[in-house]
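Okay, so here's the structure we're looking at.
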Amino acid sequence: MLQNWDIKGSDRVGFEVLIPNLLLSLEKHGVQFEFPARKELLLLSSKKIQKLKPGLASHRPNTLIHSLEAFTGNFDFDLVKHHRSPEGSMLGSPSSTAAYLMHTSSWDSQAEQYLVGVEKYYLSEKGSGGFPSAFPTSVFEIAWVLSILFEGNFNERTFTTHDLRYLKSALQATLQNGSGLTGFVYWEKVLRWRR
706 MLQNWDIKGS DRVGFEVLIP NLLLSLEKHG VQFEFPARKE LLLLSSKKIQ
756 KLKPGLASHR PNTLIHSLEA FTGNFDFDLV KHHRSPEGSM LGSPSSTAAY
806 LMHTSSWDSQ AEQYLVGVEK YYLSEKGSGG FPSAFPTSVF EIAWVLSILF
856 EGNFNERTFT THDLRYLKSA LQATLQNGSG LTGFVYWEKV LRWRR
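Residue 706 is where the sequence shown starts when you use our numbering, and the numbers rise one by one after that.
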């Protein structure tokens with residue numbers, strides 16, 4: 706996909722910060738990807754990061770807090786502690802919370818407890834031990850991944866009938882169980898009820 710990537714036509718949130726950071730992280734481990742739009746992407750990333758840094762440290766709510774992992778190596782993570790939620794997360798993002806916890810100068814036990822809670826939930830409820838990109842959430846993960854796959858020339862024949870039935874039933878059940886509420890709103894109610 707990188708070989709044919711049209712950066713100007715891309716509409717993914719934060720790609721210009723996230724992807725270059727992932728590429729640089731891979732390079733530290735000896736893996737390098739060359740592609741036609743690489744130079745353009747890195748230039749766009751550099752400009753964007755310089756614009757975004759002041760917003761990360763401000764006290765105004767900011768969606769960038771959901772993707773702090775994109776700023777490792779480019780930002781002082783001590784400047785974002787005030788954005789941590791009372792439950793310990795960085796805007797409901799396990800990866801952002803983990804990045805914050807790993808790169809702040811002092812350990813944050815509330816952030817750790819949030820991550821431990823996500824792990825316990827996924828081990829007990831799902832059995833996989835995997836971490837979602839947002840928690841608590843229900844619909845976003847499935848819908849986002851499917852939209853990217855279908856945009857990337859996957860189609861219904863790519864999946865088994867069982868896969869599609871499972872994903873469809875998971876989305877339907879979430880919408881029905883939440884009376885139309887999904888995502889953080891629904892899970893905030895569930896988590897309060899479980900306490």
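Ideal placement from N, C-alpha and C gives every residue a C-beta, glycine not left out.
Note that this is a predicted model, so its numbers are computed, not measured.
If the criterion is Cβ atoms closer than 8 angstroms, does the pair residue i and residue j meet it?
i, j, result
"Leu761", "Leu747", "no"
"Glu774", "Ser801", "yes"
"Gly793", "Gln818", "yes"
"Leu749", "Glu721", "yes"
"Ala742", "Ile770", "no"
"Leu872", "Ile847", "yes"
"Leu816", "Tyr826", "What sits at residue 816 in the sequence shown is Ala, not Leu. No, they are not a contact pair."
"His734", "Thr777", "no"
For residue i, which of the options has the nearest alpha-carbon?
i, options, result
"Asp781", "His764, Pro766, Pro759, Pro791", "Pro759"
"Lys786", "Asp813, Thr863, Asp716, Leu876", "Asp813"
"Phe845", "Leu820, Thr777, Ala875, Thr768", "Ala875"
"Asn779", "Val850, Ser730, Gln737", "Ser730"
"Phe820", "His808, Phe836, Ser829", "Note that residue 820 corresponds to Leu in the displayed sequence, not to Phe. It is Phe836 whose Cα lies nearest to the Cα of Leu820."
"Asn767", "Gly719, Glu856, Gln881", "Gly719"
"Gly822", "Leu806, Pro799, Met807", "Pro799"
"Ser715", "Glu856, Ala878, Thr866, Thr865", "Glu856"
"Trp849", "Asn709, Arg717, Trp710", "Arg717"
"Lys682", "Val736, Leu728, Ser829", "Residue coverage of the chain in this structure runs from 706 to 900, which leaves residue 682 outside it and unanswerable."
What are the start and end residues of the alpha helix (DSSP H) that includes residue i?
i, result
"Ala848", "845-856"
"Tyr819", "814-826"
"Arg743", "743-762"
"Ile724", "720-732"
"His867", "866-882"
Which residues in the same chain as residue i place their Cβ atom closer than 6 angstroms to its Cβ, once the five residues preceding and following it in sequence are excluded?
i, result
"Trp898", "With a pLDDT of only 42 at Trp898, under 50, the local geometry of the prediction cannot be trusted, and the value read off the model is given with reservation. The answer is none, since no qualifying residue turns up."
"Gln881", "none"
"Phe864", "none"
What does DSSP give as the partner residues of residue i in its beta bridges?
i, result
"Met795", "Ser798"
What residues in its chain sit with their C-beta under 7 angstroms from that of residue i, if we drop five residues either side in the sequence?
i, result
"Lys753", "Glu721, Val722"
"Asn860", "none"
"Leu707", "Phe738, Phe740"
"His764", "His787"
"His803", "The amino acid occupying residue 803 in the given sequence is Ala; His does not appear at that position. Counting only Cβ-Cβ distances below 7 angstroms, and skipping sequence neighbours, we find Leu820."
Measuring only between beta-carbons, confirm whether residue i sits less than 8 angstroms from chain C.
i, result
"Ala742", "The structure shown has no chain C; it contains just one protein chain."
Here's a check: name, in chain order, each residue in its chain whose Cβ is nearer than 8 angstroms to the Cβ of residue i, leaving out the five neighbours to either side.
i, result
"Arg900", "With a pLDDT of only 39 at Arg900, under 50, the local geometry of the prediction cannot be trusted, and no value is derived from it."
"Pro725", "Leu746, Leu747, Ser750"
"Arg870", "none"
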